[in-house]
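Chains as they are written, first to last, in our numbering: chain L, 4 to 333; chain X, 231 to 558. One structure is given below, encoded as structure tokens.
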Amino acid sequence: MSIKDLVESSPGVAVTRARRLVAPPRWDTAVAVLGLLVVLALGATTDNFFTVANLRTIVTSASIVGIAALGATVILVVGGMVSMATAAAASLAAIVFVGTLDSSFAVAVVTTFAVVGGLYALLGWLIGAWAVNPIIVTIAAASLVQGLVLVTTDGALVTTSSSSLDVLNRRVGTIPVSVFAFGVLAVTLHLSLTSTRWGRRIFLVGENREAARVAGLRLGRVVASAFLVAGILTAIAGMFLGAITTNASLEVGGNLTFDAVAAALVGGASVAGGRGSALRTLAGALAVATVSDLLLLRGFDSGAQICVKGLVVLLAVVIVHLRSGEGRRA
Amino acid sequence: MNRLHLRQDVTIPAVVLAVTAVAFFVSPAISGATLTSFSVFNVFQQLAWLAPLTLALGITLMCGEFDLSVAGIAPLAAVLAIRFGDESPYVGAAAALGVGLVIGLVQGVLVSRLQISSVPVTMATYIALTGGTLWASGNQILSYDNSDVALWITKPVMTVLSPGTLIAGALALAIGLAMGLTTWGRDSRAVGSDRRAARASGVRVDAVLVLAFTSSGALAACSGVLLSFSTASANPNPDIKTLVLAVVAALAGGATLKGGRGRVVGILAGALAICFLQAIFSVNALEDSLSQFLFATLLLAVAAADAPDLARSVSRLTSARIPTGEPS
């Protein structure tokens, strides 16, 4: 289709698409390509980086963080900023899952989804209906969860004698099931966000809360539904973590809060809301895992890895902000 | 505004402080625990590091921003103070303060110049600092060999105070005077209330924001230095509980998440109130998890009370229930 055809078929959309066709490559694309080239160059000069085993390690480590990052993406898109409770919620999920697994696998999954999804839905409702500050309310929720877990478990490890835990540790060929779960969940979430009424509502609320209110959307319900989905995704990540460690405690979540947000932000989601994509978050999770792996192979300790991750997030935040071309304030 | 807001900014924290102080002094009589002057001394020892951290958060809250990185700057400063303080504590403190200042300055420039939300910027900084602190400490708790410093900074002064408390008080006094005697405080609240109007009325918004984040970084570093010197150790792992305490203290001290509110004296009162509240649990030998519950619930309650749309929901509910008096 020529540019003229595009313009004549549908003026508004077509002009934008036509401009994209004739425009030179954007600087943010150039930065992304440059980053990729740097990683490839460093990878080529790092022993054991370009091996099948290492690439499998990268994909595996990206998968569990990535599942939580998909939840972070939904929260970012709906304008809920970030959940500071991701690690605590994943730990809670692992504890509930492992703790109830002796009943049956199905009961454990449903209970875990109900507990963590319910908690997240409540947080989402507070944020949507009352515009409670998401950062503060999720920090409070993380602290509450920690207190609750300490009281109920007395700080002890939660274990199970059930062999059902192995279901989540299985491999298809040499690939762990968590990788397939990540792929399926990313595609499902992408389709839900782009092709359903629910997805359009999530984007509308995130893009312009007041417009969504005027349009008659019930903000409490919409944001609660987004948080419910995020809670279930976080619960799945927590269940995988519980399965890997074969027991559960408050420490299971580790740095998941910031790892998940890092993957979503590197994937181009905006803290201002209304922008984000499940498939780009998939790419973001892979990018963050690749950088961490590269640093590990080059002998940097976990502190250096986390530090670089923070700087990468800062760079991504600045790039996404500049690309959006808008100042937030007067 | 200002008389009503001044009253709210100072009176509410004063009431909160009075209630918690009374609870602190009365609760041992109910539980049968013993209250000594050392219990009060401990309250002020905690205030020595919590007050600068709460002020750090409060100053950015006044401007309508939220500086999450204070929870990362304080542990980094604690580690640096010990790493560089082998020969002289002044060198360690200067290194920590310098790093805090620079981090705050960079964040302030990013937030003001790029007009970018402070939450993702300070969160990214927090992540980077968490890693940087682990790196700098070798992923272990550091102990400070110069025990003379710890002995001096925790030496009782007038029974319940210490040099550490007095340093924190002097810092708060200096910030309070600077905000009260210059346009800094007024401009910060103006920027937090309505940034567009503040800019239109001649307030140098960018400079105010850079100053807020730079001060925040320096105060958070002071908090880390005072804590590490008083305990002669530095824990590189940030604790969410510390952040919860500082946020609750700032909000109890009259700052709001919407910005445009708060005074140094109120924030200081909020920090002292939280120290009293925390001490109630230790004096009465209550479970630590209970205090975590309490502070998380308080934070949730304060955040909900501060929510912009809560008032709208309540008024809609009220107007739906109150009959209008029109003829049926």
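Where a beta carbon is used, it is the ideal one built from N, C-alpha and C, also for glycine.
*For L:Gly306, which residues in chain X fall below 9 Å Cβ to Cβ?*
Thr360, Gly361, Gly362, Thr363, Leu364, Trp365, Ala366, Ser367, Gly368, Asn369, Pro466
*asked:* I want to see whether chain X comes within less than 8 Å of L:Ile139, judged by CB atoms only; does it?
replied: yes
*Using a C-beta cutoff of 8 Å, does L:Gly150 count as contacting chain X?*
yes
*May I ask you to report which of helix, strand or coil DSSP gives L:Asn250?*
strand
*asked:* Let me make sure I understand the geometry here. Which of L:Thr293, L:Ala267, L:Asn250, L:Leu79 has the alpha-carbon closest to that of L:Gly209?
replied: L:Leu79
*Report the three-state DSSP secondary structure of L:Val85 (helix, strand or coil).*
coil
*Interface residues of chain L around X:Gln508 at Cβ under 9 Å?*
None at all; the shortest Cβ gap to chain L is about 14 Å.
*Name, please, each residue of chain L whose Cβ falls closer than 7 Å to the Cβ of X:Pro258.*
Neighbours of X:Pro258 on chain L: none; closest Cβ ~23 Å, over 7 Å.
_Just to confirm, is the Cβ distance from L:Ala65 to L:Ala288 under 8 Å?_
yes
*Give me whichever residues DSSP pairs with X:Arg542 in a beta bridge.*
Paired residue(s): none; X:Arg542 is not in a bridge.
*If you count every other CB in all the chains shown that lies within 10 Å of the CB of X:Met409, and 16 or more means buried, which is it?*
buried
*Buried or exposed for L:Ile70, please, with buried defined as at least 16 other CB atoms from any protein chain shown within 10 angstroms of its CB.*
buried
*Could you tell me which chain L residues have their CB closer than 7 Å to the CB of X:Ala537, listed as they occur along the chain?*
Trp133, Ala134, Val135
_Among X:Thr461, X:Val349, X:Asn369, whose alpha-carbon lies nearest the alpha-carbon of X:Asn568?_
Residue 568 of chain X is absent from the structure shown; chain X starts at 231 and stops at 558.
_Residues of its chain near L:Thr162, where Cβ-Cβ distance is below 6 Å and the 5 sequence neighbours each way are ignored_ = Asn250
*What does L:Ala1 touch in chain X if you count any residue whose Cβ is under 7 Å from its own?*
Any property of residue 1 of chain L remains undetermined from this structure, which presents chain L solely from 4 to 333.
_Rounded to the nearest angstrom, what separates X:Leu265 and X:Asn514 at their Cα positions?_
9 Å
*Among L:Val170, L:Gly276, L:Gly150, L:Thr89, which residue has its Cα nearest to the Cα of L:Ala236?*
It should be noted that the sequence gives Leu, not Ala, for residue 236 of chain L. Of the listed residues, the one whose Cα sits closest to L:Leu236 is L:Thr89.
*DSSP state of L:Pro179, grouped into three classes?*
strand
*For L:Met242, which residues in chain X fall below 8 Å Cβ to Cβ?*
Within 8 Å Cβ-Cβ: nothing; L:Met242 doesn't reach chain X, min ~23 Å.
_Under 8 Å (Cβ pairs) to chain L, residues found in the stretch 483-499 of chain X_ = Leu487
*Quick one: using the 10 Å Cβ neighbour count with 16 as the cut-off for buried, is X:Gln370 buried or exposed?*
exposed
*Distance, X:Ala537 Cα to X:Val240 Cα*: 21 Å
*With DSSP as the reference, please indicate the residues paired to L:Arg174 in a beta bridge.*
L:Pro179
_Residue burial classification, X:Ala541 (beta-carbon count within 10 angstroms, cutoff 16)_ = exposed
_Contacts of L:Ala263 in chain X (Cβ-Cβ under 7 Å)_ = Going along chain X, no residue has its Cβ under 7 Å from L:Ala263, so there is no contact; the nearest lies around 11 Å.
*Nearest to X:Ser463 by alpha carbon, out of X:Ala307, X:Leu529, X:Thr472?*
X:Ala307
*Closest by C-alpha distance to X:Arg546, when choosing among L:Ala132, L:Phe243, L:Gly279, L:Trp201*: L:Ala132
*CB contact check: L:Leu24 to chain X, cutoff 8 Å*: Low confidence applies here, because L:Leu24 scores a pLDDT of 48, under 50, leaving its location unreliable; read the following figure in that light. False, the Cβ-Cβ gap to chain X never drops below 8 Å.
*Starting from L:Leu153, find everything on chain X with Cβ-Cβ shorter than 9 Å and list it in chain order.*
Glu517, Asp518, Ser519, Gln522
*Comparing alpha-carbon positions, which option in X:Ile289, X:Leu359, X:Ser269 lies nearest L:Val316?*
X:Leu359
*Grouping DSSP H, G and I as helix and E and B as strand, with all else coil, what is X:Thr548?*
helix
*Would you say the stretch 332-339 of chain X touches the stretch 482-501 of chain X, given that touching needs at least three Cβ pairs under 8 Å?*
no
_Interface residues of chain L facing X:Lys471 [CB-CB closer than 7 Å]_ = Ser146
*Interface residues of chain X facing L:Ala143 [CB-CB closer than 8 Å]*: Val474, Ala526, Thr527, Leu529, Leu530, Ala533
*Candidates L:Leu222, L:Val154, L:Phe52, L:Thr177: which alpha carbon is nearest L:Ala134's?*
L:Leu222
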